[in-house]
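Participant: To start, I am sharing the structure in question, which I have written as structure tokens.
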Amino acid sequence: MFVGIVILVLNVLRSVSADTWHRLDDALYLVDNTSRLNYDEAHAYCLTRGANLTRIDSDKIQSFLTTFISPPLTTERCFWIGCHDREVEGQFKWLDGTQVRYDGWASDQPDDGRGIQDCACLWSSQDPNRHGRWDDNTCGARLDLICQKGVYNFTLTSSRSNPGSAYVSCAVDVVQGDQTLSPNDVRVSVVKNVSSTTSIPYSSTNVNGGLRNNSFVIDSIQDDDKIFCHVGKLARTERSFSRVDFSPINFYALPGLTSGPSVEDISSTFVTVSWSSWIPCLDTGEGPVISYLVYLQTMDGEWVEGGGIDLDMGEGDLQRRMEFVLTGLEPGTEYNISVSAVREGVGGEGPKGPLVSVMTIESGRRFGAFGKGNLLWFLFGVSLAGNILLVVVIMITCRRQGKQQKKKTLPNLTRAPSGYDPKDHQYEVPGPLETGMTTSMKVFREQKAA
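All letters in the sequence shown, in the order written, are residues -18 to -1, 1 to 432 by mature numbering (1 follows the signal peptide of the UniProt record, and there is no 0).
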């Protein structure tokens, strides 16, 4: 009878302990010594409670959890924690994929016994060298477990952005116990390492469905940065679930031009360049492109921005030529010129495209005053004057040739005397009109003589 009562009391105590969450800073821990599950089942068990298998990455957490398994309930008992090397032997990671850096292992552990021990657990043991320390075990073994979750229920969202920036939202239960969250209580931090954090102020806030939702705009994100949402001040230690990690931000691919600009006009102080607009199927990256920036560089200098062009041109527009005039250049100087495309949003400028080199005209050269347009007008004028002169010469030549032809058709012939031989071609044979005119003139002369 007494033994039965003791067993009943122990079972009740174990049931109570399995449903009791213990708080340390801003994390809650559930030490379950009744479920006896394999590693995957233990993980699923924690997920149903809005938690994960615990992460231990400080002496403070290790000591805190050890108090709930002391003194040992049995001679040997191990509790699953969220640590494994299933992917690469010897490279232990937490369930969120981050590398294990804290050393909580017992002496001579992990040892990958029989080559099949890939999941970690926390010992409750009468052996002081093992109690409160880690060991690797077979993932299929049925053990106790420890779950961990944040004090607050976080909901995280992020929108696609350009590389180097991020737009994220963090929503938390506005009421937690007797505490009502203000906008300043919900924060986002950018973390490089355990000793360096940067808190980001929220850009907007609202309360919807019992959640305090803050939105954040984060600039200057680097590849090794991590983003966390948390309530209150972020502790400068790597503790699991004391804050919530954002999933990797989905970035756009910045647009890039595959062909460089061409030179259209050169003077001593300015250069006109043109280039083909960004086209999705021909160039790299993603649009829409909203502007272009033109850069120039001397042979011994740095790239400097020479100006830009804004436009309302989308991905579906046809290819067109863009043109820009770089002014204020030095005469007789060689420059490199390059163009970059810029998509919408913060940090949307793509890489500089291929460059073109050009030498400005020396200021002492007479022809330097001519741009390409003026030179074309000058050549047109010279050509027009040449054509006019050619027409005049042709007209004069034709007139002279006409006179010479007239002389050939009216030769000086001698009038034939009376009794001439008609077959003699050296004499002119008068026609009817000419004969009539001769008779009239003879009568006129006779009348005048009389």
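Note that the Cβ used here is the ideal one computed from N, Cα and C, for glycine as well. In this text, all values refer to a predicted model and were calculated from it rather than measured experimentally.
State yes or no: is the C-beta of Asn166 nearer than 7 Å to some heavy atom of the ligand MG?
Facilitator: Although the ligand MG was asked about, the structure shown includes no ligands whatsoever.
Participant: Might you give, ordered along the chain, the residues of its own chain that have their beta carbon closer than 6 Å to the beta carbon of Ile231, omitting 5 neighbours on each side?
Facilitator: Position 249 of the sequence shown, counted from the start, is the residue given in the question as residue 231. The answer, listed in chain order, is Ser140, Ala148.
Participant: Could you tell me the alpha carbon to alpha carbon distance between Phe50 and Val13, rounded to whole angstroms?
Facilitator: Here the question's residue 50 lines up with position 68 in the sequence shown. Here the question's residue 13 lines up with position 31 in the sequence shown. When rounded, the distance between both Cα atoms is 7 Å.
Participant: Note down the Cα distance separating Gly289 from Phe233, rounded to an integer number of angstroms.
Facilitator: As a working note, residue 289 is residue 307 in the sequence shown. As a working note, residue 233 is residue 251 in the sequence shown. Their backbone Cα atoms lie some 27 Å apart in a straight line.
Participant: Just curious, the beta strand (DSSP E) that Gln279 is in, first and last residue?
Facilitator: In the sequence shown, the residue the question calls residue 279 occupies position 297. Counting along the chain, the beta strand (DSSP E) containing Gln279 begins and ends at 271 to 280.
Participant: Distance, Cα to Cα, Gly114 vs Leu104?
Facilitator: In the sequence shown, residue 114 corresponds to position 132, counting from 1. In the sequence shown, residue 104 corresponds to position 122, counting from 1. Gly114 and Leu104 have their alpha carbons spaced roughly 6 Å apart.
Participant: Confirm, please, whether the CB-CB distance from Leu35 to Cys129 is below 8 Å.
Facilitator: In the sequence shown, counting from the first residue as 1, residue 129 sits at position 147. In the sequence shown, counting from the first residue as 1, residue 35 sits at position 53. Closer than 8 Å, so yes.
Participant: Taking Gln204 as the reference, give the member of Val213, Pro145, Leu275 with the closest Cα.
Facilitator: Translated into positions along the sequence shown, residue 204 becomes position 222. It is Pro145.
Participant: List the endpoints of the continuous alpha helix (DSSP H) containing Asp126.
Facilitator: Start at 1 with the first residue of the sequence shown, and residue 126 comes out as number 144. Asp126 -> not in any alpha helix (DSSP H); beta strand (DSSP E) instead, spanning 125 to 132.
Participant: Output yes or no for whether 8 Å exceeds the beta carbon distance between Val170 and Ser244.
Facilitator: On the sequence shown, residue 170 is found 188 positions in, with the first residue counted as 1. On the sequence shown, residue 244 is found 262 positions in, with the first residue counted as 1. Contact flag unset, no.
Participant: Does Cys380 come out as helix, strand or coil in the three-state DSSP assignment?
Facilitator: For the purposes of this step, residue 380 is identified with residue 398 of the sequence shown, where counting begins at 1. In this structure, Cys380 counts as helix in the three-state DSSP scheme.
Participant: Report the residue from Cys65, Glu23, Phe228 whose alpha carbon sits nearest the alpha carbon of Arg37.
Facilitator: As a position in the sequence shown, residue 37 is number 55, starting the count at 1. Out of Cys65, Glu23, Phe228, Cys65 has the C-alpha closest to the C-alpha of Arg37.
Participant: Considering only residues of the same chain and omitting the five flanking positions on each side of Ile98, which have a CB-CB separation below 7 Å?
Facilitator: Along the sequence shown, read from residue 1 onward, the residue named residue 98 stands at position 116. These residues qualify, in order along the chain: Thr120.
Participant: Comparing C-alpha positions only, which one of Leu125, Val133, Ser229 sits nearest to Arg5?
Facilitator: For the purposes of this step, residue 5 is identified with residue 23 of the sequence shown, where counting begins at 1. Here the closest residue by C-alpha is Val133.
Participant: For Glu331, which residues does DSSP report across the bridge?
Facilitator: The residue you call residue 331 lines up with position 349 of the sequence shown. Paired residues: Val324.
Participant: Give the DSSP bridge partners of His66, in chain order.
Facilitator: For the purposes of this step, residue 66 is taken as the residue at position 84 of the sequence shown. Per DSSP, the beta bridge partners of His66 are Lys75, Cys101.
Participant: Alpha carbons only, please: which of Tyr84, Ala33, Gly363 is nearest the one belonging to Lys42?
Facilitator: As a working note, residue 42 is residue 60 in the sequence shown. Answer by Cα proximity: Tyr84.
Participant: Which residues in the same chain have their Cβ closer than 7 Å to the Cβ of Arg124, if we skip the five residues on either side of it in sequence?
Facilitator: Taking the first residue of the sequence shown as 1, we reach residue 124 at position 142. Spatial neighbours of Arg124 in its own chain (CB-CB distance under 7 Å, excluding positions within 5 residues in sequence) are listed in chain order as Arg18, Leu19, Asn20.
Participant: Taking the alpha-carbon of Ser258 as reference, which of Ser249, Phe252, Val271 has the nearest alpha-carbon?
Facilitator: Here residue 258 refers to the residue found at position 276 of the sequence shown. Considering only alpha carbons, the answer is Val271.
Participant: With 16 other CB atoms within 10 Å as the buried threshold, where does Phe198 fall?
Facilitator: Taking the first residue of the sequence shown as 1, we reach residue 198 at position 216. By the neighbour-count rule (16 or more Cβ atoms within 10 Å), Phe198 is buried.
Participant: Is it a yes or a no for the region 315 to 328 touching the region 272 to 291, going by three-plus beta-carbon pairs under 8 Å?
Facilitator: These segments touch.
Participant: Where do the ends of the alpha helix (DSSP H) carrying Ile43 lie?
Facilitator: The count along the sequence shown starts at 1 and reaches residue 43 at position 61. Element bounds for Ile43: 41 to 48.
Participant: Could you say which of Ser256, Ile261, Pro237, Cys60 lies nearest to Lys334 if we only look at CA atoms?
Facilitator: Working through the sequence shown from its first residue, we reach residue 334 at position 352. Looking at Ser256, Ile261, Pro237, Cys60, the one whose alpha-carbon comes closest to that of Lys334 is Pro237.
Participant: My guess is that Thr342 and Glu312 are in contact by the Cβ rule of under 8 Å, so how many angstroms apart are they, rounded?
Facilitator: The residue you call residue 342 lines up with position 360 of the sequence shown. The residue you call residue 312 lines up with position 330 of the sequence shown. The Cβ separation is near 7 Å, so the contact holds.
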